[in-house]
Amino acid sequence: MTTAIIGTGGLGSAIARQLGSGGETLRLSSADRESARTLAAQLGRAAVVAVDNRDALQGADAVILALRFTALKGVIDEIADPLTGKVVVVPSNPLSLDAQGKVYRVLPEGQSSGEVVAGWLPAGARLAMAFGTMSAGLFESSSNRSPEPAVLFYATDDGRAGGEVERLIRTAGFEPVKAGGIEQSSRLEVGGDLHDLVVGAAEARSLIGGA
Ligand SMILES: NC(=O)c1ccc[n+]([C@@H]2O[C@H](COP(=O)([O-])OP(=O)(O)OC[C@H]3O[C@@H](n4cnc5c(N)ncnc54)[C@H](OP(=O)(O)O)[C@@H]3O)[C@@H](O)[C@H]2O)c1
Numbered sequence: 192m193t194t195a196i197i198g199t200g201g202l203g204s205a206i207a208r209q210l211g212s213g214g215e216t217l218r219l220s221s222a223d224r225e226s227a228r229t230l231a232a233q234l235g236r237a238a239v240v241a242v243d244n245r246d247a248l249q250g251a252d253a254v255i256l257a258l259r260f261t262a263l264k265g266v267i268d269e270i271a272d273p274l275t276g277k278v279v280v281v282p283s284n285p286l287s288l289d290a291q292g293k294v295y296r297v298l299p300e301g302q303s304s305g306e307v308v309a310g311w312l313p314a315g316a317r318l319a320m321a322f323g324t325m326s327a328g329l330f331e332s333s334s335n336r337s338p339e340p341a342v343l344f345y346a347t348d349d350g351r352a353g354g355e356v357e358r359l360i361r362t363a364g365f366e367p368v369k370a371g372g373i374e375q376s377s378r379l380e381v382g383g384d385l386h387d388l389v390v391g392a393a394e395a396r397s398l399i400g401g402a
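Pasting the structure below:
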């Protein structure tokens with residue numbers, strides 16, 4: 192199967208390494224193409240560098256937008272037509288940096304990134320919020336855990352997106368657990384009760400029920 196990854200920075204490159212080592216074919220795109228080229232060279236035959244963000248979607252079953260929250264809307268607008276009917280996976284936390292380099296939340300309290308991103312997508316795009324629930328380092332070190340795989344939580348309102356994101360999560364070396372619909376995605380974000388957890392499936396399911 193083929194997945195496009197737009198954004199090959201800290202998190203996008205970690206996702207690409209895990210999916211590539213799980214056998215996924217990847218189409219990579221980044222702002223200046225150089226980081227995508229460097230990553231593709233490390234990944235070998237698993238990855239190709241796309242000409243641009245729209246080209247990354249050619250032949251892809253799903254696209255992961257591994258972008259800072261502030262870059263997301265511009266990229267979604269740029270690739271809107273080919274997103275119709277596609278599974279769109281978004282790991283972005285709604286954070287930015289102020290002039291002093293301090294991290295702040297760009298959305299008002301109570302508004303989740305998933306709900307905002309859903310409003311930016313064209314009709315027919317199938318959104319799942321996933322792969323942003325752990326820091327990139329923890330994500331890589333927790334993959335393919337033995338004997339029991341660690342869980343990656345996801346949130347979606349779309350059945351097909353749920354099936355595809357579960358496949359991707361397993362390919363990356365984790366057990367998928369659905370936290371709920373998109374309205375639950377704030378639980379996955381930085382500051383949410385399901386963020387940066389490394390747990391097995393039984394504990395994950397009890398946490399979901401316990402909210
Ligand atoms: N890093 C983590 O540990 C982590 C963990 C959980 C969630 N997340 C979330 O994941 C998202 C990405 O974080 P990150 O740390 O990977 O950020 P990052 O290192 O800054 O990477 C962002 C990537 O986006 C690319 N980009 C920017 N504008 C673009 C455009 N118009 N078209 C195509 N690509 C574009 C950049 O390209 P260039 O390389 O060419 O500049 C870069 O590859 C954030 O929303 C963050 O909240 C990150």
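In this note's numbering, the protein residues as written are 192 to 402.
C-beta: ideal position from N, C-alpha, C; glycine also.
In this structure, R245 has its beta carbon at no less than 7 Å from each heavy atom of ligand 1. In the structure shown, the three-state DSSP call for L288 is strand.
Counting along the chain, L256 sits inside the beta strand (DSSP E) bounded by residues A253 to L256. Look at P273: its beta carbon is at least 7 Å from all of the heavy atoms in ligand 1. For A393, the closest alpha carbon among the candidates I373, E339, G350 and G353 is that of E339.
Per DSSP, reduced to three states, the secondary structure at F322 is coil, with no helix or strand assignment.
Annotation for A262: the continuous alpha helix (DSSP H) segment containing it runs F260 to E269.
Taking one beta carbon from each stretch, the segment 367-379 and the segment 287-306 have 3 or more pairs nearer than 8 Å; the two touch. Counting only runs of 4 or more residues that sit fully inside the segment 338-366, the alpha helix (DSSP H) segments are 350-362, in chain order.
The way I'd put it, the segment 381-396 doesn't touch the segment 348-363; fewer than three beta-carbon pairs between them come closer than 8 Å.
With contacts defined as CB atoms closer than 8 Å, G276 and G315 qualify as a contacting pair. Annotation: T229 is outside any beta strand (DSSP E); the continuous alpha helix (DSSP H) that includes it extends over E225 to L234.
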